[in-house]
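Notes for the one structure printed next.
In the working numbering, the protein residues as written are 6 to 173.
Written out as structure tokens, the structure reads:
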């Protein structure tokens, strides 16, 4: 793929992620979290299949990869996306985006625990700074108590993504 094509795809991801929280907030006015997640997945699946076929020229998958695909899909799509919708429903879009953006902390911790990454004090300090920063923003907005359930689900969502991202 040419460089401009890759850059266009990256820009698309940033735009989609950026508007995702606002769209979710509006979608949850009409649907439950699970309904909206199912609707999103039904819309995305054919598009992703077409994109995969366009790029790979095939939809072939080795038999040995199917169990892993099922596990990662269940945790990374069904569970993660449903928890994401619950987070957006019960807290502000700002809190949801902040809480979910700390998922790299959990990804790093799980990767170290699973020996996929080496422990370093830099990683520990970086993770601690990020976590403290996110906590300060949430507390400063006085939103921690008013959206405790939604914020808690957001934290679980980040942990869920950390597990999914480190699953081999």
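Using N, Cα and C, we set each Cβ at its ideal position, and we do this for glycine too.
Could you check if residue 9 is buried or exposed, using at least 16 other CB atoms within 10 Å of its CB as the buried criterion?
-> Residue environment: residue 9 is assigned as exposed (fewer than 16 neighbouring CB atoms within 10 Å of its CB, all protein chains considered).
The segment 115-135 contacting the segment 88-102, beta-carbon criterion three pairs below 8 Å = Taking 8 Å as the limit for Cβ pairs, the verdict is that the segment 88-102 does not touch the segment 115-135.
Using beta-carbon positions only, say whether residue 136 and residue 110 come within less than 8 Å of one another.
-> Contact flag set, yes.
Opening and closing residue of the alpha helix (DSSP H) in which residue 65 lies = According to the DSSP assignment, residue 65 belongs to no alpha helix (DSSP H), since it is labelled neither H nor E.
Do residue 67 and residue 158 have their C-beta atoms within less than 8 Å of each other?
-> No.
Host alpha helix (DSSP H) of residue 134 (start-end) = That run of the alpha helix (DSSP H) goes 126-145.
In the DSSP assignment, find the alpha helix (DSSP H) that holds residue 35 and state where it starts and stops.
-> Per DSSP, residue 35 lies in no alpha helix (DSSP H) and is assigned neither H nor E.
What residues in its chain sit with their C-beta under 7 Å from that of residue 64, if we drop five residues either side in the sequence?
-> Excluding residues within five positions, the ones whose Cβ falls inside 7 Å are 54, 57 and 58.
Buried/exposed call for residue 166, threshold 16 Cβ in 10 Å = Of the residues assessed, residue 166 falls on the buried side of the cut-off, its CB having 16 or more other CB atoms within 10 angstroms.
Return the first residue and the last residue of the alpha helix (DSSP H) that residue 88 is part of.
-> 85-95 is the extent of the alpha helix (DSSP H) around residue 88.
Pairwise C-alpha distance: residue 130 and residue 138 | Taking the straight line from one Cα to the other gives about 12 Å.
Looking only at C-alpha atoms, which of 95, 97, 171 and 17 sits nearest to residue 113?
-> Selected option, being the one with the closest Cα: 171.
Per-residue DSSP class, three states only, for residue 161 | Assigned with DSSP and collapsed to three states, residue 161 falls in helix.
What first and last residue would you give for the alpha helix (DSSP H) that runs through residue 117?
-> Here the alpha helix (DSSP H) through residue 117 covers 108-118.
Have a look at 69, 119 and 89 and flag the residue whose alpha-carbon is nearest the alpha-carbon of residue 156.
-> Residue 156 has its Cα closest to that of 89, out of 69, 119 and 89.
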